[in-house]
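Since the structure comes first, as structure tokens, the remarks are kept for the end.
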Amino acid sequence: MVDIQANPSAPPSWLQPHEEIVWVGETQYGNRGWGSGLIVTLLGALLVMAGVFGSSFGFILVGALFFLVGAPLTYAGIKQGGTRFYLTSFRLVRAKRGTVLNQISRRIFLGKNLATFLRVSQAPSGKYDKAWKKVVNFHVDVLDPNSGNVLMSLGWVPAPSVQVLETISQVVYCQYCGRSNPPSNNACSECGASL
Numbered sequence: 067m068v069d070i071q072a073n074p075s076a077p078p079s080w081l082q083p084h085e086e087i088v089w090v091g092e093t094q095y096g097n098r099g100w101g102s103g104l105i106v107t108l109l110g111a112l113l114v115m116a117g118v119f120g121s122s123f124g125f126i127l128v129g130a131l132f133f134l135v136g137a138p139l140t141y142a143g144i145k146q147g148g149t150r151f152y153l154t155s156f157r158l159v160r161a162k163r164g165t166v167l168n169q170i171s172r173r174i175f176l177g178k179n180l181a182t183f184l185r186v187s188q189a190p191s192g193k194y195d196k197a198w199k200k201v202v203n204f205h206v207d208v209l210d211p212n213s214g215n216v217l218m219s220l221g222w223v224p225a226p227s228v229q230v231l232e233t234i235s236q237v238v239y240c241q242y243c244g245r246s247n248p249p250s251n252n253a254c255s256e257c258g259a260s261l
């Protein structure tokens with residue numbers, strides 16, 4: 067799941083001149099996933115030990131099943147924890163602890179149909195926020211518009227974030243002055259630089 071952060075506390079050190087952050091999403095899987103996985107793993111280990119000491123094959127079997135389910139959850143949660151996604155004026159970035167792990171230039175999406183580079187599927191059931199309002203989440207994959215291969219998976223994203231991501235191909239930013247321009251422009255309307 068990814069939460070919106072409208073104003074990140076400090077701009078990342080990898081930002082280029084005139085590059086602005088449009089959207090920030092942060093995985094929550096690492097905060098909750100590894101803890102839940104660890105609990106399931108420990109419960110499995112406890113059941114296995116109870117089965118061994120109590121000579122109960124059923125406890126051993128159920129414990130092994132819990133352990134086999136919990137261990138990958140713990141690993142995935144630790145691996146994904148703290149990953150942030152940034153949509154900037156120039157690129158889409160996946161970063162962890164200030165280090166860029168993956169980035170995609172916004173230029174590859176220009177003039178492309180939204181369906182060719184953004185795969186969005188709705189979650190089967192909605193979750194509720196702290197105010198008990200229903201939150202609709204979508205699973206979002208960013209695809210290569212030419213091949214259809216997955217370039218970056220953003221995981222579960224709330225609806226307002228999907229709306230921001232859908233603007234990727236609708237605006238072109240000048241890399242020299244940072245001015246937003248319509249995708250039909252060949253030159254920046256502010257400084258005249260080639261887009």
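All residue numbers for the sequence shown refer to the working numbering, where the first residue is 67 and numbers rise by one.
Even glycine gets a Cβ: it sits at the ideal position worked out from N, Cα and C.
Keep in mind the model is a prediction, meaning the values are calculated, not measured.
| Item | Value |
| --- | --- |
| ILE170, DSSP secondary structure in three states | strand |
| Residues that DSSP places opposite THR149 in a beta bridge | LYS162 |
| Rounded distance between the beta-carbons of ARG157 and ASN168, thought under 8 Å | Wrong, their Cβ atoms sit about 10 Å apart, outside the cutoff. |
| Unbroken alpha helix (DSSP H) run spanning VAL228, endpoints | 225-231 |
| PHE156 (DSSP reduced to helix, strand or coil) | coil |
| Where the alpha helix (DSSP H) through PHE183 begins and ends | 180-183 |
| Reduced DSSP secondary structure (H/G/I, E/B, other) of GLY91 | strand |
| DSSP bridge partner residues for ASP207 (one or two, in chain order) | ARG185 and SER219 |
| Straight-line gap, VAL216 to PHE151 (C-alpha atoms, nearest Å) | 15 Å |
| Under 7 Å between C-beta atoms of ARG128 and VAL106 | For the sequence presented, residue 128 should be read as Val rather than Arg. Going by C-beta atoms, VAL128 is not nearer than 7 Å to VAL106. |
| VAL118 (DSSP reduced to helix, strand or coil) | helix |
| Identified DSSP bridge partners for SER260 | ALA253 |
| For TYR242, the three-state DSSP class (helix, strand or coil) | coil |
| Burial state of THR233, where buried means 16 or more other Cβ atoms lie within 10 Å | exposed |
| CB contact flag (THR140, LEU104, <7 Å) | yes |
| Contact the segment 206-221 vs the segment 241-249: 3+ CB pairs below 8 Å | no |
| Member of LEU81, SER102 and ASN203 whose CA lies at the smallest distance from the CA of PHE133 | SER102 |
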